[in-house]
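**Student:** Residue numbers (this note's numbering), protein chains in the order written: chain W, 1 to 182; chain V, 183 to 383.
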């Protein structure tokens with residue numbers, strides 16, 4: 001009984017038989033063993049049925065629906081980048097050469113106007129600050145080097161603590177993505 | 183100026199993937215065209231619900247194409263995308279147990295129109311009406327039998343005997359030891375033989 005069990009085809013040998021790679025010795029056994037032959041025939045039939053299952057189709061437009069869910073990634077061509085930079089630059093240089101007088105007037109006028117506006121803004125901000133009710137208190141706080149040091153130290157500590165807390169809050173949990181490695 | 187880009191219809195998977203990485207949208211479409219039916223078939227046979235299978239197949243492609251930069255060309259693209267599809271299907275099955283199979287429409291369809299809309303479109307193997315009917319009935323029996331297998335067995339048997347993948351590739355795709363894959367497939371075949379025994383009689 002034991003000998004008979006041992007000589008029956010193993011699953012690996014059935015696989016080998018399905019692929020036409022069974023050894024001649026085992027082929028001989030297969031031909032002489034009704035049990036193995038029945039099993040092998042039913043295996044072959046099953047494998048044939050599975051292999052003949054049709055491919056199924058999703059509804060029409062499947063590809064469009066997939067593409068619609070993808071973020072568009074366009075190929076950035078070096079020639080397009082160069083053209084995008086060089087053409088406006090060339091146009092700008094050409095216009096500047098053709099309108100040098102106008103350009104110098106614009107630069108001078110704009111420069112002086114910008115300077116005047118900046119000065120007015122700074123003075124206005126300064127006077128607004130001095131008129132604030134909390135200004136004397138804040139000024140007193142920074143009145144001595146010791147106080148200034150304490151305030152700056154406390155501020156730096158609070159800032160660093162805030163950064164640590166934010167980093168912990170914003171760090172994503174690490175999780176292995178099974179499909180990411182091919 | 184001569185166009186150095188390869189003809190996508192005749193290019194290898196690796197060439198199409200390279201074009202996709204370079205941002206060529208037609209390459210994405212080509213990858214979807216090549217794999218939409220195998221991926222949909224695998225997922226449908228795993229989850230046994232057409233609507234769900236479409237959603238999961240879409241999810242598979244979106245995941246794969248969004249991660250195409252991380253695809254390593256030393257692996258077959260088909261193995262890579264099948265692995266993603268299997269993960270997506272298994273994740274879904276873990277979340278939700280489905281028990282019935284319908285070739286005629288989703289078991290979740292509530293109206294006759296929805297059932298008709300979700301009916302499967304079989305492949306192109308039909309010859310005559312009678313052969314189509316027979317194939318449909320036989321196919322239905324096999325599909326039902328596959329549906330009764332454990333999801334792990336189902337994935338292995340589909341990869342091996344429907345997709346024709348070698349054992350080693352299946353082991354890599356499913357992150358399983360080779361011996362386990364072989365055991366699963368042999369057990370799945372034994373179970374299928376039992377489920378389909380009445381057909382032989």
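C-beta atoms are modelled at their ideal positions from N, C-alpha and C, and glycine is treated no differently. Quick caveat, the model's predicted, so the values are computed rather than measured.
Where residue 52 of chain W and residue 341 of chain V are concerned, what is the direct C-alpha to C-alpha distance, given to the nearest angstrom?
**Tutor:** Spanning the two alpha carbons is a distance of roughly 13 Å.
**Student:** Run through chain B and tell me which residues come within less than 9 Å of residue 22 of chain W, C-beta to C-beta.
**Tutor:** Included in the structure are the protein chains W and V, with no chain B among them.
**Student:** How about residue 117 of chain W and residue 247 of chain V: are their beta carbons less than 8 Å apart?
**Tutor:** It is not a contact, given that the beta carbons lie outside the stated cut-off.
**Student:** Is residue 184 of chain W helix, strand or coil when you go by DSSP?
**Tutor:** In the structure displayed, chain W extends from 1 to 182; residue 184 of chain W sits before or after that span and is not available.
**Student:** Check the C-beta distance from residue 66 of chain W over to residue 244 of chain V and give it rounded, since I have them as a contact under 8 Å.
**Tutor:** At roughly 6 Å, the Cβ-Cβ gap stays under 8 Å, so residue 66 of chain W and residue 244 of chain V are in contact.
**Student:** Can you have a look at residue 363 of chain V and say buried or exposed, based on whether 16 or more other CB atoms are within 10 angstroms of its CB?
**Tutor:** Buried, by the Cβ-count rule.
**Student:** Measuring only the C-alpha atoms, how far is residue 68 of chain W from residue 212 of chain V?
**Tutor:** Cα to Cα, the separation comes out at about 14 Å.
**Student:** For the alpha helix (DSSP H) containing residue 204 of chain V, list its first residue and its last residue.
**Tutor:** Element bounds for residue 204 of chain V: n/a, residue is neither H nor E.
**Student:** Quick one: complete alpha helix (DSSP H) runs, 4+ long, within the stretch 100-174 of chain W?
**Tutor:** Listed in chain order, they are 100-130, 135-141, 145-170.
**Student:** Establish whether the CB of residue 368 of chain V and some CB of chain W are separated by less than 8 Å.
**Tutor:** Taking Cβ atoms only, chain W reaches closer than 8 Å to residue 368 of chain V, which makes this a yes.
**Student:** Using a Cβ cut-off of 7 Å, pull out every chain V residue sitting near residue 53 of chain W, in sequence order please.
**Tutor:** Chain V residues near residue 53 of chain W: 321, 324, 344.
**Student:** Between residue 209 of chain V and the rest of its own chain, which residues show a CB-CB distance below 7 Å, the 5 nearest in sequence each way excluded?
**Tutor:** Excluding positions up to five away in sequence, the list reads 190, 198, 201, 202.
**Student:** Any residues in the stretch 35-66 of chain W with a beta carbon nearer than 7 Å to a beta carbon of chain V? Which ones, in chain order?
**Tutor:** Listed in sequence order: 42, 43, 46, 47, 49, 50, 51, 53, 54, 55, 56, 57, 58, 59, 62, 63, 65, 66.
**Student:** To the nearest angstrom, report how far apart residue 194 of chain V and residue 319 of chain V are at their CA atoms.
**Tutor:** Approximately 37 Å, taken between the alpha carbons.
**Student:** Would you mind stating whether residue 229 of chain V and residue 274 of chain V have Cβ atoms separated by less than 8 Å?
**Tutor:** In contact: residue 229 of chain V and residue 274 of chain V (Cβ atoms closer than 8 Å).
**Student:** Taking only three categories from DSSP, how would you classify residue 35 of chain W?
**Tutor:** Of the three classes helix, strand and coil, the one that applies to residue 35 of chain W here is helix, per DSSP.
**Student:** Please state whether DSSP places residue 29 of chain W in a helix, a strand or coil.
**Tutor:** Residue 29 of chain W: helix per DSSP, three-state reduction.
**Student:** Report the neighbours of residue 69 of chain W on chain V: residues whose CB is nearer than 7 Å to its CB, in chain order.
**Tutor:** Here the neighbours are 240, 244.
**Student:** Where does the unbroken alpha helix (DSSP H) through residue 192 of chain V begin, and where does it stop?
**Tutor:** Run containing residue 192 of chain V: none; DSSP gives neither H nor E here.
**Student:** Would you kindly report the start and end of the unbroken alpha helix (DSSP H) that includes residue 15 of chain W?
**Tutor:** Element bounds for residue 15 of chain W: 11-18.
**Student:** Step through the CB atoms of chain W and report whether any lies within less than 8 Å of the CB of residue 219 of chain V.
**Tutor:** Yes, its Cβ sits closer than 8 Å to a Cβ of chain W.
**Student:** Could you tell me how far apart the beta carbons of residue 46 of chain W and residue 371 of chain V are, in whole angstroms, since I believe they sit closer than 8 Å?
**Tutor:** Rounded, the Cβ-Cβ distance is 6 Å, consistent with contact.
**Student:** Using C-beta distances below 6 Å, list every residue in its chain close to residue 188 of chain V, excluding the 5 sequence neighbours before and after it, in chain order.
**Tutor:** Excluding positions up to five away in sequence, the list reads 197.
**Student:** Could you work out which residues of chain W lie near residue 229 of chain V, taking near to mean beta carbons separated by less than 8 Å?
**Tutor:** Those do not exist, as residue 229 of chain V stays about 12 Å from chain W at its closest Cβ, beyond 8 Å.
**Student:** Any residues in the stretch 194-226 of chain V with a beta carbon nearer than 8 Å to a beta carbon of chain W? Which ones, in chain order?
**Tutor:** Listed by position along the chain: 204, 205, 206, 207, 210, 211, 214, 215, 218, 219, 220, 222, 223, 226.
**Student:** Answer yes or no: do residue 259 of chain V and residue 58 of chain W have a C-beta to C-beta separation smaller than 8 Å?
**Tutor:** No, the Cβ-Cβ distance between residue 259 of chain V and residue 58 of chain W is not below 8 Å.
**Student:** Taking its Cβ as the centre, do 16 or more other Cβ atoms sit within 10 Å of residue 169 of chain W, making it buried, or is it exposed?
**Tutor:** It counts as exposed.
**Student:** Less than 8 Å between C-beta atoms, sequence neighbours within five positions excluded: which residues of the same chain meet that for residue 268 of chain V?
**Tutor:** The residues are 224, 228, 337, 341, 355, 356.
**Student:** For residue 373 of chain V, decide whether its Cβ has a neighbour in chain W, counting only Cβ atoms nearer than 8 Å.
**Tutor:** Not one chain W Cβ lies under 8 Å of residue 373 of chain V.
**Student:** Can residue 219 of chain V and residue 56 of chain W be called in contact, C-beta distance under 8 Å?
**Tutor:** In contact: residue 219 of chain V and residue 56 of chain W (Cβ atoms closer than 8 Å).
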